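With the numbering used here applied, the sequence shown covers 5 to 294.
Below is one structure, written out as structure tokens, with a few remarks after it.
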Amino acid sequence: MNENGYQSWLKKHPSALETFDEMIVRAKGKKIVVFLDYDGTLSNIVPNPDEAFMSKKMRRVVSEVARCFPTAIISGRSRDKVYGFVKLDDIYYAGSHGLDIAAPFQCQNRPVDKNGEEVVRFQPAQIYQPLIYKILDVLKEETNDIKGVMLENNKFCVSVHFRHVSDKDFPVLEEVVKSLVDDLGEFRLSEGKKVFEIRPDIEWDKGHALEYLLETLGYGSSNDVLPIYIGDDRTDEDAFKAIKKRGKGYSIVVSTSPKDTMASYSLRSPSDVKKFLSRLVTWKNNSDPS
């Protein structure tokens, strides 16, 4: 990494740790709502996505954040998988890039149904689920001979991980995925960190999920709400854009290198995210209750 280039980039996207005191002054009297990505934000990026476990210390900090502020995790993973990693019952979960949203299990107004099942708040792409299974079946067959491919069913979207695919085989995989998406016509393709994401081509993303959750919390048109969104990947840019459009809130990108982003602030790693969240909790606990 070019350190000079990074320092120049930091002038446009200053560290949320170094500018914390300045940020929090503007937060006084506001209703803070915390939004978090998962992979690369609460957990490190790992070779096997099934092993992206969050640390006990991070889980404890996120739990403390949720006791202080309404908190949501918005991830490209399936909602069930994210919950399996996080294992906290007092936060909102939005899986499949916000296409599958559920309230905290302890939420008083809509906790569980008569069978004791968690109540799902919103699934705008439910009609596409049969096609998701079809996509997975086709990809399994078409990528069977490509070594290193890992397919992930995220309920309302499909992830094609290629971290372990050779440079020689990558163009073949790329052609398979792009051709499939083109043939279907109802899906769109995006690329993240060593992963292709196939999801329904509808007007819904992490930014829409953020707005939906703020509306659910009663803060949709409030001037007193201050959303904080922390994420590291391309799909988080939609949430950064939503915060910028609101004109209030903090968007924080997690990155160790310069990148094009709409985020206003930055952090270098999940470790820094943990430090930032800890400081947020400490500030809340020490601030005047009024």
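We put the beta carbon where it would ideally sit given N, CA and C, even for glycine.
Every value quoted in this text rests on a predicted model; they were computed, and no experiment measured them.
Quick one: Cα of P262 to Cα of L184, how far? The residue labelled residue 262 in the question sits at position 258 within the sequence shown. The residue labelled residue 184 in the question sits at position 180 within the sequence shown. Computed Cα separation, rounded: 33 Å.
Whose C-alpha, out of F191, R81, A70, S259, is nearest the C-alpha of A56? As a first step, residue 56 must be located in the sequence shown, where it is residue number 52. Comparing C-alpha distances from A56 to each of F191, R81, A70, S259 shows the shortest one belongs to R81.
Nearest-angstrom Cα distance between R114 and Y96? In the sequence shown, the residue the question calls residue 114 occupies position 110. In the sequence shown, the residue the question calls residue 96 occupies position 92. With a pLDDT of 44 at R114, under the threshold of 50, the predicted position of this residue should be treated as unreliable, and no value is reported.
What are the residues that DSSP puts in a beta bridge with R250? The residue you call residue 250 lines up with position 246 of the sequence shown. Paired residue(s): none; R250 is not in a bridge.
Measuring CA to CA, which of I150, F160, I206 is closest to V181? Taking the first residue of the sequence shown as position 1, residue 181 is located at position 177. Distance check between V181 and each of I150, F160, I206 places I150 closest, using alpha-carbon atoms only.
CA-to-CA distance, P274 to A14, given in whole angstroms: Within the sequence shown, the letter at position 10 stands for residue 14. Within the sequence shown, the letter at position 270 stands for residue 274. As written in the sequence, residue 14 is Leu, which differs from the Ala given in the question. Taking the straight line from one Cα to the other gives about 17 Å.
Considering only residues of the same chain and omitting the five flanking positions on each side of D173, which have a CB-CB separation below 6 Å? Here residue 173 refers to the residue found at position 169 when the sequence shown is read from its first residue. For D173, where only same-chain residues beyond five positions count, the Cβ hits under 6 Å are I150.
Sheet register partners of M154 (DSSP bridge): Position 150 of the sequence shown, counting from 1, holds the residue named residue 154. Paired residue(s): H165.
Tell me which residue opens and which closes the alpha helix (DSSP H) that P108 is part of. Within the sequence shown, the letter at position 104 stands for residue 108. It is not in any alpha helix (DSSP H) - P108 carries neither H nor E in the DSSP assignment.
Throw me the rounded Cβ distance for the V69 and L284 pair, which I believe falls under 8 Å. Residue mapping note: residue 69 aligns to position 65 of the sequence shown, counting from 1. Residue mapping note: residue 284 aligns to position 280 of the sequence shown, counting from 1. The Cβ separation is near 7 Å, so the contact holds.
Any contact between the stretch 59-69 and the stretch 236-245? By contact I mean 3 or more CB pairs, one from each, below 8 Å. no
Residue of E26, L217, K35, D43 minimising C-alpha distance to S259: By 1-based counting over the sequence shown, the position of residue 259 is 255. Among E26, L217, K35, D43, the Cα nearest to that of S259 belongs to D43.
Let me know the secondary structure DSSP gives Y42 once reduced to three states. The residue given as residue 42 occupies position 38 in the sequence shown. Residue state, collapsed to three classes: coil.
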